[in-house]
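*Asks:* One structure follows; several queries about it will come next.
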Amino acid sequence: MKFPYSEKVLEHFKNPKNVGKIDNADGKATEGSPACGDMVSVYISVDPKELTITDIKFESYGCASNIATGSIITELAKGMKLEDAKKISWQQASDALGGLPPVKAHCAVLAIEGLRSAIENYEEKHGLVKEKKPTTMEIVRSRLKKVMNPLSGLDLIRTELVKGIDVSGGIVTVKVDLPSGHQFASNIKEEIDDKIGTLWDVKEVHVEFTD
Ligand code: FES
Numbered sequence: 366m367k368f369p370y371s372e373k374v375l376e377h378f379k380n381p382k383n384v385g386k387i388d389n390a391d392g393k394a395t396e397g398s399p400a401c402g403d404m405v406s407v408y409i410s411v412d413p414k415e416l417t418i419t420d421i422k423f424e425s426y427g428c429a430s431n432i433a434t435g436s437i438i439t440e441l442a443k444g445m446k447l448e449d450a451k452k453i454s455w456q457q458a459s460d461a462l463g464g465l466p467p468v469k470a471h472c473a474v475l476a477i478e479g480l481r482s483a484i485e486n487y488e489e490k491h492g493l494v495k496e497k498k499p500t501t502m503e504i505v506r507s508r509l510k511k512v513m514n515p516l517s518g519l520d521l522i523r524t525e526l527v528k529g530i531d532v533s534g535g536i537v538t539v540k541v542d543l544p545s546g547h548q549f550a551s552n553i554k555e556e557i558d559d560k561i562g563t564l565w566d567v568k569e570v571h572v573e574f575t576d
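All residue numbers for the sequence shown refer to my numbering, where the first residue is 366 and numbers rise by one.
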């Protein structure tokens, strides 16, 4: 059987560039893949005048292809304008790696989504979002799909930990099926605040636990 990975993929898998976390990152995101359940986190530092990426790091909880793609996209995106970095496609990343097996395309897509979401997170925090849709329950739900349930490694929606969502007058309330004293409660609250609180028309986020 022919070995499915290029030299370049192996090089980036064995010695990935820009691995780690940026403390106090200007933009950050964690994305999970519906195809395999793996995750990737991307952190960016941004020059607010030029709107360029001055530093970028990633953490992968995925496979070799995901690690290699995370590594190559951080190299491609460093120094780029946010607008240009948003346009990097998984195909471009795959080409820069000398190609990925078709069955591994979703691993590259996951890394690209991590990068785009980290940029989106920066834009939301800085009022740079162009298309301002009013926040609905559906939007909140889709954001909660990006919050991991540390008990299972899957998201809060898929693991049915969210028992209710209310959106009214800029206040979003999320009911979580855990006691407030649970070891992961504060972590989950922080993640929810992070994902929902940056939406342009959200003034407050209330996370209610079961007690
Ligand atoms: Fe999950 Fe590659 S198989 S990221």
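C-beta: ideal position from N, C-alpha, C; glycine also.
Verify the contact flag: G463, CB atom, against every heavy atom of the ligand FES, threshold strictly below 7 angstroms.
*Replies:* Not so, every heavy atom of the ligand FES lies at least 7 angstroms from the Cβ.
*Asks:* Please state whether the Cβ-Cβ distance between V537 and I561 is less than 8 angstroms.
*Replies:* In contact: V537 and I561 (Cβ atoms closer than 8 angstroms).
*Asks:* My output table needs one value for L519: the three-state DSSP class, helix, strand or coil.
*Replies:* Three-state result, L519: strand.
*Asks:* So, is the C-beta of K554 closer than 8 angstroms to a C-beta in chain C?
*Replies:* Within the model displayed, chain C is absent; a lone protein chain is all it includes.
*Asks:* Please give the ranges of any alpha helix (DSSP H) in the region 476 to 550, keeping only runs that are unbroken, at least 4 residues long and fully inside the region.
*Replies:* Counting whole runs of 4 or more residues, the region 476 to 550 contains the alpha helix (DSSP H) stretches 502 to 509.
*Asks:* Here's a check: name, in chain order, each residue in its chain whose Cβ is nearer than 6 angstroms to the Cβ of T419, leaving out the five neighbours to either side.
*Replies:* So the qualifying residues of the chain are S410, D412.
*Asks:* Report yes if the CB atom of M472 is closer than 8 angstroms to the CB atom of T434, and no otherwise.
*Replies:* This sequence places Cys at residue 472; Met is not what is there. Cβ atoms of C472 and T434: closer than 8 angstroms.
*Asks:* Could you pull out every residue in the same chain whose Cβ sits closer than 7 angstroms to the Cβ of N486, ignoring the five residues on either side in sequence?
*Replies:* These residues qualify, in order along the chain: G392, K393, A394, T563.
*Asks:* Short check: CB of K581 to CB of W565, under 8 angstroms?
*Replies:* A question about residue 581 goes unanswered here, because the residues of the chain that appear run from 366 up to 576.
*Asks:* Could you give the first and the last residue of the continuous beta strand (DSSP E) run that contains A394?
*Replies:* First-last of the beta strand (DSSP E) with A394: 392 to 397.
*Asks:* Quick one: give me the first and last residue of the beta strand (DSSP E) that I387 is part of.
*Replies:* Unbroken run through I387: none, as it is neither H nor E.
*Asks:* Taking 8 angstroms as the cut-off, decide whether the C-beta atoms of K382 and S459 are in contact.
*Replies:* Not a contact, by the Cβ cut-off of 8 angstroms.
*Asks:* Does the Cβ of M404 have 16 or more other Cβ atoms within 10 Å, making it buried, or fewer, making it exposed?
*Replies:* Answer is buried; the Cβ neighbour count reaches 16.
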